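This report concerns only the one structure given below.
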Amino acid sequence: MRPSAHLLFLLLTVVCAPAAEPAARNPVVIFRDLLAMRTDAREKELAAKPERLRTVLTSRLREYDSLSPLAREARLRSTELRYHLHPLLTMPLPERAAKVAAVPESFRALVAERLAAWDKLPAEIQREVLANERLVQAITRPAVPNAFPPLPPGLEPKVPDDLVHWQSLGPLQREQLLDSFTHYFRLDEQAKTRVVASLPAPKRAETARTLDQLDQLSPEERAACLTALRRLGQMSPAEQARFYANAEQWQKMSEQERNAWRKVVTEFPPLPPGAGLPPLPPLNP
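Counting in the numbering used here, the sequence shown runs from 343 upward without gaps.
Next up, the structure:
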């Protein structure tokens, strides 16, 4: 179970327990309250929670405390939107309208918009999404630049040496290399062969394979690859590690899973920060 889904599940367990918080209370609001508390008040509140919930909350609070205010607020709103939206995805249409009307006004339009996009998905894609928590999260993902959460020590994905070298180059060097790549694909076959033959022997075969793969792409696809490489060079090492880990994960997916991701990304664009929602007071007094 994904961390945010795990947190929601445990909070809902406590919220709905007979002797706990009032059943109508939104679990994301409970988490917001904890984030807003001073350290001593938070520790006192956590001490009263069941051990399992306390452990998860402590970990998640530490994670959210480390985020920038913009990234933290975007993730909170995304989680709250998912809290309102998720039960409606499997609800029969005749019952859904009344439930949407009961959603808080600040989220109602977003919920209705996401449901309209959900209804456009083929039934098999809907089933794939519901069976994959990462896809469910993608439906309400925030669009926050440079909002990568910190990775646990020792679990950072390894970035290939080539990417480390690319990151070490200065902006001017990277642009010159990208220009050289662009120029290479404008050469005739004889000139391309001469360029590859002039490369150092240890790297020649690997470089030739890479160039051949790029040569098979359309000019538009090739330009998109070079643009992605340019953006990769502008990322921090932590962002590069995340990017590469996601790329590895994509390679491991089945074609069915990839198709579901493509559909979700197309129908559910990221939420702009604060989209459709009023500004909230600061989290920390």
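Note that the Cβ used here is the ideal one computed from N, Cα and C, for glycine as well.
These figures come from a predicted structure and were not determined experimentally.
inquiry  = So, for ALA602: in the same chain, excluding its five sequence neighbours on each side, which residues have a beta-carbon less than 8 Å away from its beta-carbon?
reply    = ILE467, GLU470, VAL471, ASN474 and LEU477
message = Nearest by alpha-carbon distance to ARG564: which of LEU541, LEU520, GLN598 and LYS594 is it?
response = LEU520
query = Can you tell me the Cα-Cα spacing of MET385 and ALA444, whole angstroms?
reply = According to the sequence as given, residue 385 is Glu; it is not Met. Cα-Cα distance, rounded: 34 Å.
inquiry  = Please classify HIS525 as buried or exposed, where buried requires at least 16 other C-beta atoms within 10 Å of its C-beta.
reply    = exposed
request  = Taking all protein chains shown into account, decide if PHE610 is buried (16 or more other Cβ within 10 angstroms of its Cβ) or exposed.
outcome  = buried
inquiry  = Quick check for students: name the residue ranges of the beta strand (DSSP E) that lie wholly in the segment 505-570, counting only runs of 3 or more.
reply    = none
task = Tell me whether LEU514 is buried or exposed, calling it buried when 16 or more other Cβ atoms sit within 10 Å of its Cβ.
result = exposed
request  = Whole angstroms is fine: what's the gap from VAL371's alpha carbon to ALA378's?
outcome  = 10 Å
inquiry  = Please return the same chain residues whose Cβ sits closer than 8 Å to the Cβ of VAL639, not counting the five positions on each side in sequence.
reply    = For the chain, the structure presents residues 343 to 627; residue 639 sits outside this window and is missing.
query = Between the C-alpha atoms of LEU412 and PHE527, what's the straight-line distance to the nearest angstrom?
reply = 41 Å
Limits of the unbroken alpha helix (DSSP H) element including LEU452 = 447-462
key: Check whether LEU418 and ARG380 have beta carbons under 9 Å apart   = no
task = Please say whether LEU427 and LYS605 have beta carbons closer to each other than 9 Å?
result = no
Distance between MET433 and ALA439 (C-alpha atoms, nearest Å) = 10 Å
ask   = Does DSSP put LYS391 in a helix, in a strand, or in coil?
value = coil
query = Short check: CB of LEU556 to CB of CYS567, under 9 Å?
reply = yes
Cut-off 8 Å between Cβ atoms - residues of its own chain near LEU559, not counting five sequence neighbours on either side = CYS567
message = For ARG402 and ALA416, what's the separation of their Cα atoms in angstroms?
response = 15 Å
Euclidean distance between Cα positions of LYS594 and ARG600 = 10 Å
key: ASP382 versus GLU548 - alpha carbon distance   = 58 Å
ask   = Between which two residues does the alpha helix (DSSP H) harbouring THR421 extend?
value = 411-431
ask   = Excluding five sequence neighbours on each side, which residues of the same chain lie with their C-beta closer than 8 Å to the C-beta of TYR425?
value = LEU350, ASN368, PRO369 and VAL370
Span separating the alpha-carbon of GLU562 from that of PRO436 = 45 Å
query = Is LEU529 buried or exposed, if buried means 16 or more other CB atoms sit within 10 Å of its CB?
reply = exposed
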